[in-house]
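Colleague: What follows is a single structure, and I will ask about it in a moment.
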RNA sequence: CGGGGUGUGGCGCAGUUGGUAGCGCGCUACGUUCGGGACGUAGAGGCCGCAAGUUCGAGUCUUGUCACCCCGACCA
């Protein structure tokens with residue numbers, strides 16, 4: 148490599164920043180904490196959006212759009228909700244600028260003060276529930292199953308590209324149901340959609356579970372999540388699904404007449420994943436040579452690079468590759484033939500490697516002579532020469548194999564990174580030395596959870612579904628406990 | 001909001017006791033190259049973050065100010 152990449156072992160967060168920059172995914176912007184998502188990074192997001200959007204539609208949801216601005220009074224309607232978000236809200240106070248009479252460019256026109264300030268949405272529950280109030284009168288109007296793709300703003304103290312930015316892109320589903328059971332079922336369905344997406348498309352194994360009270364979404368009865376493990380041993384919440392009970396229905400007075408002609412509050416859910424998934428993707432698979440993308444999320448799955456000395460050779464390779472390109476495209480494989488003459492082949496090899504393109508073909512005069520091509524797979528960095536005939540099938544299978552290998556590799560790492568601790572010393576020692584998830588007993592109180600967070604910098608990531616019951620003693624207090632929960636240091 | 005650091009061509013940096021602003025990468029042109037980030041030659045490109053001050057003279061010294069980055073507290 149001509150450009151030196153920071154290795155993961157040297158400095159993990161620097162390595163992450165290098166990947167984002169060198170794979171041309173995103174950059175910092177003129178506005179503090181906000182990012183510019185560059186075309187290649189955005190293409191990954193579009194792939195994610197496309198798959199998820201299909202899954203949402205498949206499960207009966209429709210897209211809609213609600214405004215970016217929320218009247219300040221709306222936010223305060225649900226007590227827990229406002230407490231959770233108030234500290235990080237951007238506020239719009241004026242609607243006009245004017246020329247500075249002192250000649251200093253433009254200034255905020257003090258005469259254009261808004262009567263009621265507007266909050267830039269940190270999430271849309273309040274504006275959506277104030278709207279749903281008008282949509283719902285009868286049980287016949289239910290369920291309401293909406294999703295929106297949007298940007299939100301949370302004024303974070305410290306930001307990192309994709310993982311935590313002041314503005315980020317996400318989708319937020321907001322549903323209204325006639326019964327608690329139905330809403331709970333919805334919450335579970337969407338969590339499973341996220342888990343399937345993470346595992347089958349991103350090749351990222353996740354733990355499904357429920358959040359402890361301390362980690363719960365502001366305004367929710369229960370928060371469910373999928374938790375992934377990054378290569379540095381830190382956990383990352385990759386998606387959440389909330390059962391909101393009747394909290395928002397009551398706050399916004401959303402009632403419906405049931406079949407017995409009785410007025411009832413509706414039951415709500417909300418669920419979301421964000422551009423943070425791109426950060427998760429990077430930290431799950433990438434290596435010291437750059438980005439590694441699972442084929443199902445890669446904007447470009449196959450790149451073909453000609454190696455030639457003159458125009459005749461270049462033309463001959465182009466001709467040879469033509470048929471293969473059509474066959475690959477017919478199989479739905481995204482492929483690019485890069486015969487850009489201004490870049491040398493070696494340069495291209497590195498470029499596509501850094502960008503994580505799963506499969507690279509190299510074809511030179513020698514290959515032409517022998518009716519073959521050199522096939523390189525990004526996940527294992529292996530090179531093999533294949534006969535040119537039926538190469539499209541080799542590639543098709545290879546993409547499946549890479550997808551599977553990435554998942555198995557991450558799964559193996561994840562499973563090896565779940566360790567049990569039975570004493571406090573053991574607990575801290577694992578966190579300090581190995582990282583990963585620590586499966587340990589907890590007495591179930593918020594106080595203990597907070598104390599552990601303070602002392603060990605680790606939080607309860609979740610209580611996994613189907614968690615076996617087991618008598619034990621709390622890792623910190625020694626109080627009796629019925630089950631182990633998953634702790635980790637987290638992003 | 002604490003602690004640390006950095007602002008100098010597009011990017012990464014050097015710049016000594018204050019004295020004509022430099023290097024690498026990238027960029028442009030031409031040529032030679034081409035199986036893992038090629039090489040040569042010739043070019044283009046800078047109010048040294050901003051504002052005051054000291055000085056004959058400031059990238060360099062002083063003061064102020066702004067911005068960004070890293071480590072914490074807060075968080076998806």
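Residue numbers (the working numbering): 148 to 638.
C-beta atoms are modelled at their ideal positions from N, C-alpha and C, and glycine is treated no differently.
Quick caveat, the model's predicted, so the values are computed rather than measured.
What did DSSP end up calling residue 282 once you bin it into helix, strand or coil?
Modeller: Residue state, collapsed to three classes: helix.
Colleague: Going residue by residue through the segment 582-634, where are the continuous beta strand (DSSP E) segments of at least 3 residues, counting only ones entirely within it?
Modeller: Counting only runs of 3 or more, we get 584-588, 606-611, 616-620.
Colleague: On a CA-only basis, which of 575, 626, 583, 576 is nearest residue 594? Give me that one, please.
Modeller: Ranking 575, 626, 583, 576 by Cα distance to residue 594 puts 626 first.
Colleague: Is it buried or exposed, residue 443, if we count other Cβ atoms within 10 angstroms and call 16 or more buried?
Modeller: The residue in question, residue 443, is buried, as its Cβ has 16 or more Cβ neighbours within 10 Å.
Colleague: By the three-class DSSP mapping on this structure, what secondary structure does residue 529 have?
Modeller: It is a strand residue.
Colleague: Can you tell me where the alpha helix (DSSP H) with residue 302 in it begins and where it stops?
Modeller: Per DSSP, residue 302 belongs to no alpha helix (DSSP H) and is neither H nor E.
Colleague: Within 10 angstroms of its Cβ, does residue 357 collect 16 or more other Cβ (buried), or is it exposed?
Modeller: By the neighbour-count rule (16 or more Cβ atoms within 10 Å), residue 357 is buried.
Colleague: Report, in whole angstroms, the separation of the C-beta atoms of residue 334 and residue 388, which I expect to be a contact under 8 Å.
Modeller: About 5 Å; that satisfies the 8 Å criterion.
Colleague: Whose C-beta lies closer than 8 Å to the C-beta of residue 286 among residues of the same chain, with five residues either side of it excluded?
Modeller: Excluding residues within five positions, the ones whose Cβ falls inside 8 Å are 325, 403, 404, 405, 406.
Colleague: Closest to residue 615 by CA distance: which of 244, 628, 574 is it?
Modeller: Per the Cα distances, 628.
Colleague: Are the segment 500-520 and the segment 434-442 touching, with three or more C-beta to C-beta distances below 8 Å?
Modeller: Touching, yes.
Colleague: What does the alpha-carbon distance come out to for the pair residue 172 and residue 499?
Modeller: Looking at the two C-alpha atoms, the distance is approximately 13 Å.
Colleague: Assuming the contact rule is C-beta atoms closer than 8 Å, residue 533 and residue 547 should be a hit. Round their C-beta distance to whole Å, please.
Modeller: Wrong, their Cβ atoms sit about 16 Å apart, outside the cutoff.
Colleague: Between residue 612 and residue 355, how many whole angstroms is the CB-CB distance? I'm expecting something under 8 Å.
Modeller: Yes, they are in contact, since the Cβ atoms of residue 612 and residue 355 sit about 5 Å apart, within 8 Å.
Colleague: Tell me whether residue 353 sits in a helix, a strand or coil according to DSSP, three-state version.
Modeller: In this structure, residue 353 counts as coil in the three-state DSSP scheme.
Colleague: Determine the extent of the alpha helix (DSSP H) in which residue 496 is found, giving its start and end residues.
Modeller: Per DSSP, residue 496 belongs to the alpha helix (DSSP H) from 492-501.
Colleague: In the DSSP assignment, what residue or residues form a beta bridge with residue 412?
Modeller: In DSSP, residue 412 forms a bridge with 402.
Colleague: Quick check on residue 366: does DSSP put it in helix, strand or coil?
Modeller: Note: residue 366 maps to coil in three-state DSSP.
Colleague: Give every residue of the same chain whose Cβ lies closer than 7 Å to the Cβ of residue 183, excluding the five residues on either side of it in the sequence, and list them in chain order.
Modeller: So the list reads 173, 174, 176, once near-sequence residues are dropped.
Colleague: Taking the C-alpha atoms as reference points, what is the distance between residue 194 and residue 566?
Modeller: Rounded to the nearest angstrom, the two C-alpha atoms are 34 Å apart.
Colleague: Between which two residues does the alpha helix (DSSP H) harbouring residue 333 extend?
Modeller: Residues 327-343.
Colleague: So, is residue 162 buried or exposed, given that buried needs 16 or more other C-beta atoms within 10 angstroms?
Modeller: Buried: at least 16 other Cβ atoms inside 10 Å.
Colleague: I need the boundaries of the beta strand (DSSP E) containing residue 513, first residue and last residue.
Modeller: Here residue 513 belongs to no beta strand (DSSP E); instead the alpha helix (DSSP H) covers 512-517.
Colleague: Is it a yes or a no for the segment 584-594 touching the segment 472-487, going by three-plus beta-carbon pairs under 8 Å?
Modeller: In short, these stretches do not touch, since the Cβ pair count stays below three.
Colleague: Taking the C-alpha atoms as reference points, what is the distance between residue 290 and residue 328?
Modeller: Approximately 12 Å between the Cα atoms of the pair.
Colleague: Under the three-state reduction of DSSP, which class applies to residue 208: helix, strand or coil?
Modeller: Here residue 208 sits in coil by DSSP.
Colleague: Mark residue 416 as exposed unless 16 or more other C-beta atoms lie within 10 angstroms of its C-beta, in which case mark it buried.
Modeller: Buried: at least 16 other Cβ atoms inside 10 Å.
Colleague: With a threshold of 8 Å, are at least 3 pairs of Cβ atoms found where one atom belongs to the segment 302-314 and the other to the segment 395-402?
Modeller: Verdict: no, contact absent.
Colleague: With which residues is residue 322 paired in a DSSP beta bridge?
Modeller: According to DSSP, residue 322 bridges with 292, 416.
Colleague: Could you compute how far the alpha carbon of residue 148 sits from the alpha carbon of residue 570?
Modeller: For residue 148, the predicted model reports a pLDDT of 33, less than 50, meaning its position is unreliable; a value from the coordinates is still stated below. Using only the alpha carbons, I get a separation of about 45 Å.
Colleague: Using a threshold of 8 Å, state whether the C-beta atoms of residue 217 and residue 273 are closer than that.
Modeller: Yes, the pair counts as a contact, with Cβ atoms nearer than the cut-off.
Colleague: For a quick check, are the C-beta atoms of residue 608 and residue 634 less than 8 Å apart?
Modeller: It is a contact, given that the beta carbons lie within the stated cut-off.
Colleague: Alpha carbons only, please: which of 586, 538, 601 is nearest the one belonging to residue 619?
Modeller: Measuring from the Cα of residue 619, the nearest candidate turns out to be 586.
Colleague: Figure out for me which residue from 311, 458, 294 has the closest Cα to the Cα of residue 201.
Modeller: That would be 294, whose Cα lies nearest to the Cα of residue 201.
Colleague: Just how far apart, CA to CA, sit residue 383 and residue 524?
Modeller: The straight-line gap from Cα to Cα measures roughly 27 Å.
Colleague: For residue 337, collect the residues of the same chain with a Cβ closer than 8 Å to its Cβ; drop the 5 residues on either side in sequence, then sort them by chain order.
Modeller: Excluding residues within five positions, the ones whose Cβ falls inside 8 Å are 206, 320, 388, 416, 418.
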